[in-house]
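Undergrad: All residue numbers for the sequence shown refer to my numbering, where the first residue is 2 and numbers rise by one.
Beta carbons are placed, not taken as given, at the ideal position from N, Cα and C, and that holds for glycine.
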Amino acid sequence: MSKQSNLKLEILPCDGASETICPLCGEGLNLSSIAGMLYDDEQPLGCVCEKCLAEHPKEVAGRLRERVADLYDFIEKAHQSLSGEPWFRCIEKVRRRAEHWEAFAIRIECLDEWPVREWVYS
2 MSKQSNLKLE
12 ILPCDGASET
22 ICPLCGEGLN
32 LSSIAGMLYD
42 DEQPLGCVCE
52 KCLAEHPKEV
62 AGRLRERVAD
72 LYDFIEKAHQ
82 SLSGEPWFRC
92 IEKVRRRAEH
102 WEAFAIRIEC
112 LDEWPVREWV
122 YS
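(1) If we require 4 or more residues per run, which alpha helix (DSSP H) segments fall completely within the region 45 to 92?
(2) Mapping the DSSP letters down to three states, classify Arg96 as helix, strand or coil.
(3) Taking contact to mean at least 3 C-beta pairs separated by less than 8 angstroms, is the region 101 to 115 in contact with the region 61 to 71?
(4) Near Trp88, what residues of its chain come up, given a Cβ to Cβ distance below 8 angstroms and the 5 sequence neighbours on each side ignored?
(5) From the DSSP output, which residues share a beta bridge with Leu13?
(6) Ile109: buried (16+ other C-beta within 10 angstroms of its C-beta) or exposed?
(7) Out of curiosity, what's the CA-to-CA distance linking Val95 and Arg118?
(8) Taking the alpha carbon of Thr21 as the point to measure from, which residue in Pro58, Gln81, Cys48 and Glu43 has its own alpha carbon closest?
(9) Below 7 angstroms CB to CB, which residues in the same chain sit around Leu72 once its five sequence neighbours on both sides are set aside?
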């Protein structure tokens, strides 16, 4: 089974969401809207906003890549103007985060549609 097939969405009212920022686009969640809890296998990744839910995964992956580009711009500027071990460790954490989100964008881009998580209620 390919890794991207492990991504699933559970549709839920946003007022029950613990996150207030969409992990994909970085926009705030409208608390009166519908959101989707994004899972990777059984691991919840956060609430996806209504806008991201309404768009094709390829469009969302593009926006996520824009966020990654912003992180890499930050890293480049930080390398030019900051020095010392504490800053280096901070910059490396940001670089790892950018790499993580880039890999995640690739997985999302492979989706033909958002996979809705099936629940079995007893």
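TA: Working from what's here:
(1) Listed in chain order, they are 51 to 55 and 58 to 82.
(2) Translated into positions along the sequence shown, residue 96 becomes position 95. Arg96 falls in the helix class under three-state DSSP.
(3) Taking 8 angstroms as the limit for Cβ pairs, the verdict is that the region 61 to 71 does touch the region 101 to 115.
(4) Stepping through the sequence shown from its first residue, residue 88 is reached at position 87. Taken in chain order, the residues that qualify are Ala79.
(5) Mapped onto the sequence shown, residue 13 falls at position 12. Bridge partners of Leu13 according to DSSP: Ala36.
(6) Here residue 109 refers to the residue found at position 108 when the sequence shown is read from its first residue. By the 10 Å Cβ count, Ile109 comes out buried.
(7) As a first step, residue 95 must be located in the sequence shown, where it is residue number 94. As a first step, residue 118 must be located in the sequence shown, where it is residue number 117. Roughly 31 angstroms between the two C-alpha positions.
(8) Residue mapping note: residue 21 aligns to position 20 of the sequence shown, counting from 1. For the residues Pro58, Gln81, Cys48 and Glu43, the minimum Cα distance to Thr21 belongs to Cys48.
(9) To locate residue 72, count along the sequence shown from 1; it is residue 71. Listed in chain order, the non-local C-beta contacts of Leu72 below 7 angstroms within the same chain comprise Val95, Arg98 and Ala99, local neighbours out to five positions each way being set aside.
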